[in-house]
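As given, the protein sequences belong to chains W and U, one line each in that order. Here the first sequence stands for residues 1 to 225, numbered as in the working numbering. Here the second sequence stands for residues 1001 to 1225, numbered as in the working numbering. Each residue gets a CB set at the ideal place from its N, CA and C atoms; glycine is no exception.
2 protein chains.
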Amino acid sequence: MRQPTSDKENFRNTDGRIARGEATRQRVLDAAERCFASDGFEAVTIRQIARTAEVTLGVVSFHGGSKEDLFKTVLARRVATLDDLRKAALAEVRARGEMTIRDVVDAYLTPYLDIASRGDPQWRAYAQFIARVASNDDYFPEVRELYDPTARIFIAEFQRLRPGASAEALATVLTLTVASMLSIVASRARIAGLSGSDAIDQPMGYRAMLIDFCTGGIEMVLPSD
Amino acid sequence: MRQPTSDKENFRNTDGRIARGEATRQRVLDAAERCFASDGFEAVTIRQIARTAEVTLGVVSFHGGSKEDLFKTVLARRVATLDDLRKAALAEVRARGEMTIRDVVDAYLTPYLDIASRGDPQWRAYAQFIARVASNDDYFPEVRELYDPTARIFIAEFQRLRPGASAEALATVLTLTVASMLSIVASRARIAGLSGSDAIDQPMGYRAMLIDFCTGGIEMVLPSD
DNA sequence: AAACTATCTGAACGTCCGTATAAAAAGTCA
DNA sequence: TGACTTTTTATACGGACGTTCAGATAGTTT
């Protein structure tokens, strides 16, 4: 993989324009994101990524390194943004005073549904990419570690609201909430098939039902006192 | 793939013993089941299945056909058994008289948790295999059709209990229930990591929490009247 | 312009893949 | 036993894979 330029600012030329190589690098990562999202890690080929990015084969390695490097980079690239949205949502709820289970669930789910419904197709691809990665426990162990810190913050909130809950119960309800959330993005076709009607066009369209489901579920699992 | 024997009983010799080839065929399918369960379709190689089954390469094709044939056969082989367990559980609840959301949820979830916790490692592998397949919408379209008939039966039960619910809401809560169920089998390592303690050894150990979660969630989404 | 670095191209490498098949072996049955 | 079928072996094929790299090109700095 290309090494960071040594003695000057990393991604900028001296005149401040984005370096030519950095633009290509983003094209490669965007292409990889879309490919991984729609086909999964094993099924994607470097050549497919190159074709999608409209670059030649060697460029993918040059900017993205190995296939596994690419995968990790794509995942990590947007993780901070999503985390920040969730933390901001939580802070906003906290500032409003009295908190409920529903508020915490909302703060966790809505940012993800939001990016999955965004106009920007690249963010949608990332949302699908997460859904794919997170539902396969064993893609790469370090994938987990990227999202666990934020997960722990939300677990702590649930614990504040339900002091009597066991650690297993708290971890379980968060895991079930995440699974439910991801399935909305991953399985809209199935919902459409089972309901006999068209799928709701945006994940955000399921927001109310999803929040209801998770809130009701958590309140049933975690004893009120 | 081997053609069914023409003029005599399919899997038996004239003396009633199981035909030699049929035993091998089951070994191949068992091996494929374990491989697909742990690595997913794309990552599995025919050679790996052959090694696992302790047969040579050609035997896998001879008894299992193409890789896709193998995949479908493995999936279909046990579908009827699981469906029957669910229908039996539902019938039993129905026979007891008054039904609740919780009863229907229980009838759907418990047979799956049960086979995932069974001593038989082959059934456990199948449970993991399902978790993997179902969380990737696009493995093969016909996969869905295998489980949809039973899903519709349970949706109909929910509809009987909540006549006012919309088709979308019914399909959504079943999808979320399935996603939650599968995540218990697929993500036990994550629960352990988040809770700081060891994972509960059997999926059945999560039964109470899972049923609570789904019941609470469904009751929240589907208006009581 | 010359020296230098960053980026890109095109071709190649060795490996493993899924599949096919001829021939050997094992089993069955008259 | 000998004819016949079923099953297994061993090997091969063409293709696609991930990765590498020498050399061409473009851009920057002196």
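Straight-line CA distance for residue i to residue j?
i: W/E33; j: U/F1062; result: 38 Å
i: W/V171; j: W/V185; result: As written in the sequence, residue 171 of chain W is Ala, which differs from the Val given in the question. Cα to Cα, W/A171 sits roughly 22 Å from W/V185.
i: U/S1187; j: W/Q202; result: 27 Å
i: W/R118; j: U/Q1128; result: 33 Å
i: W/F158; j: W/V104; result: 8 Å
i: W/R152; j: U/R1025; result: 47 Å
i: U/L1113; j: W/S195; result: 25 Å
i: W/G216; j: U/M1220; result: 5 Å
i: W/V93; j: W/A80; result: 20 Å
i: W/V28; j: W/F71; result: 11 Å
i: U/E1068; j: W/R160; result: 49 Å
i: W/A91; j: U/G1193; result: 25 Å
i: W/E98; j: U/E1142; result: 48 Å
i: W/G21; j: W/L57; result: 15 Å
i: W/T45; j: W/I101; result: 43 Å
i: U/F1213; j: U/T1177; result: 9 Å
i: W/T52; j: W/V60; result: 11 Å
i: W/D84; j: W/R96; result: 18 Å
i: U/A1199; j: W/V55; result: 45 Å
i: U/S1197; j: W/D148; result: 15 Å
i: W/D39; j: U/A1043; result: 12 Å
i: U/R1078; j: U/Q1122; result: 11 Å
i: W/G205; j: U/L1146; result: 28 Å
i: W/S166; j: U/A1023; result: 48 Å
i: W/C35; j: W/L82; result: 20 Å
Let me confirm a value: residue i is counted as buried when at least 16 other C-beta atoms fall within 10 Å, else exposed. Which label applies?
i: U/S1180; result: buried
i: W/D120; result: exposed
i: U/S1066; result: exposed
i: W/A227; result: Since the displayed chain W opens at 1 and closes at 225, residue 227 of chain W lies outside it and no answer follows.
i: W/R162; result: buried
i: W/R47; result: exposed
i: W/A131; result: buried
i: U/E1168; result: buried
i: U/S1135; result: buried
i: W/A89; result: buried
Using a Cβ-Cβ cut-off of 8 Å (strictly less than) and excluding sequence neighbours within five positions of residue i, which residues of its own chain qualify?
i: W/I155; result: L170, A171, L174
i: U/R1207; result: L1109, T1110, L1113
i: U/G1064; result: M1001, R1025, V1028, L1029, A1032, I1049, L1070, T1073
i: U/L986; result: Here chain U comprises residues numbered 1001 to 1225, so residue 986 of chain U is not present and cannot be evaluated.
i: W/I218; result: I101, V105, F158, V173, T177
Can you list, in chain order, the residues of its chain with a C-beta nearer than 7 Å to that of residue i? Leave out the 5 residues immediately preceding and following it.
i: U/R1086; result: A1107, Y1108, P1111, T1150
i: U/A1116; result: R1124, A1127, V1185, P1203
Which same chain residues end up closer than 6 Å to residue i when comparing Cβ atoms and leaving out the 5 residues on each side of it in sequence?
i: W/A37; result: A125, Q128, F129
i: W/R190; result: none
Discussion item. For the region 152-167 of chain W, list every residue whose C-beta sits within 9 Å of some C-beta in chain U, in sequence order.
Written reply: Taking 9 Å as the cut-off between beta carbons, the residues of the region 152-167 of chain W near chain U are R152, I155, S166, A167, in sequence order.
Worksheet item: Mind listing which residues of the region 1205-1220 of chain U have their C-beta closer than 8 Å to chain W's C-betas, in chain order?
Response: Per Cβ criterion, the list reads Y1206, M1209, L1210, D1212, F1213, C1214, T1215, G1216, G1217, I1218, E1219, M1220.
Practice prompt. Mind checking the region 105-121 of chain W against chain U and listing, in chain order, the residues whose C-beta falls within less than 9 Å of any C-beta there?
Written response: Going along the region 105-121 of chain W in chain order, one finds no residue with a Cβ nearer than 9 Å to chain U.
Worksheet item: Taking Cβ-Cβ distances below 9 Å as the criterion, which residues of the region 1055-1084 of chain U are in contact with chain W?
Response: When C-beta distances to chain W are compared with 9 Å, every residue of the region 1055-1084 of chain U stays at or above that value.
Worksheet entry | Near-chain W residues of the region 1015-1047 of chain U - C-beta to any C-beta below 7 Å | So the list reads G1040, E1042, A1043, given in the order they occur along the chain.
Discussion item. To be precise: take each residue of the region 168-182 of chain W, compare its Cβ to all Cβ atoms of chain U, and keep it if any distance is under 8 Å. Which residues remain?
Written reply: Under the 8 Å Cβ criterion, the region 168-182 of chain W contributes E168, A169, L170, A171, T172, V173, L174, T175, L176, V178, A179, S180, L182.
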